[in-house]
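Residue numbers (our numbering), protein chains in the order written: chain A, 332 to 444; chain B, 53 to 168.
Beta carbons: idealized from backbone N, C-alpha and C, even for Gly.
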């Protein structure tokens with residue numbers, strides 16, 4: 332059974348810091364891994380999608396890496412801003428499924444001025 | 053492009069009562085998902101529709117939860133009767149295809165259910 336774990340559960344940093352969020356999964360049979368952002372009272376917004384054949388994806392100040400063989404992914408946020416404060420969720424799409432996503436519990440990030 | 057719409061946004065009921073949630077996906081999206089997100093946890097898939105048909109409902113508590121997607125567009129999720137542990141945010145999402153693909157799922161704002 333696929334399980335997704337995210338560390339740390341919560342993080343508080345001063346503005347401007349570079350930070351790393353970690354995600355691990357137990358079964359390497361996946362089509363892709365995705366990172367989402369969730370703001371209070373709002374739905375999830377997709378940030379980055381890494382296909383199983385890829386090693387990393389970048390979007391602006393965000394960079395996500397994937398090591399499928401070791402079951403790990405990291406989300407790197409450069410030069411953090413207060414507007415980055417949100418919960419970040421990692422999700423994997425298992426192979427053989429119908430686009431089903433299995434989520435971790437998320438990392439709650441607070442960036443203070 | 054309009055996003056995924058959900059209503060109501062909030063609902064408070066007493067245990068053993070019934071409740072229904074409504075979702076309108078993005079136009080043209082064939083696949084619709086209902087997720088349950090309990091406080092402090094990630095979303096968990098309850099049911100997935102491909103057009104009108106159910107392709108995955110393995111985690112849906114079928115003794116109390118039901119869902120339908122009429123005409124392959126809007127969907128409703130019902131809980132009858134509700135239990136305290138059903139308190140959660142119910143998220144609806146939609147995507148273009150559904151079969152293993154790179155399609156992104158687009159999420160609605162969710163319905164926050166509190167069962168007293």
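Cβ proximity to chain B below 7 Å picks out 373, 374, 375, 377, 380, 382 from the stretch 373–389 of chain A. Under the three-pair Cβ rule at 8 Å, the stretch 57–66 of chain B does not count as touching the stretch 79–96 of chain B. Here the alpha carbons of residue 86 (chain B) and residue 100 (chain B) stand approximately 7 Å from one another. At least 9 Å separates the CB of residue 349 (chain A) from every CB of chain B. Among the residues facing chain A, residue 80 (chain B) is not included, as its CB has no counterpart in that chain under 9 Å away. Between residue 367 (chain A) and residue 423 (chain A), the beta carbon gap of about 12 Å keeps them out of contact (Cβ cut-off 8 Å). Between the C-alpha atoms of residue 137 (chain B) and residue 389 (chain A) there is a straight-line separation of about 39 Å. Residue 105 (chain B) and residue 350 (chain A) have their alpha carbons spaced roughly 43 Å apart. Sequence-distant partners of residue 72 (chain B) (beyond 5 residues in either direction) whose C-beta falls short of 6 Å from its own C-beta, in its chain, are 128, 130.
Selection A:406, A:334, A:437 evaluated against residue 360 (chain A) yields A:334 as nearest (Cα-Cα). Between the alpha carbons of residue 394 (chain A) and residue 379 (chain A) lies a distance of about 8 Å. Rounded to the nearest angstrom, the gap between the Cα atoms of residue 95 (chain B) and residue 408 (chain A) is 23 Å. Judged by DSSP in its simplified three-state form, residue 123 (chain B) adopts helix.
Its chain contains 147, 148, 149 as the residues whose beta carbon lies nearer than 7 Å to that of residue 155 (chain B), once the 5 sequence neighbours on both sides are disregarded; these appear in chain order.
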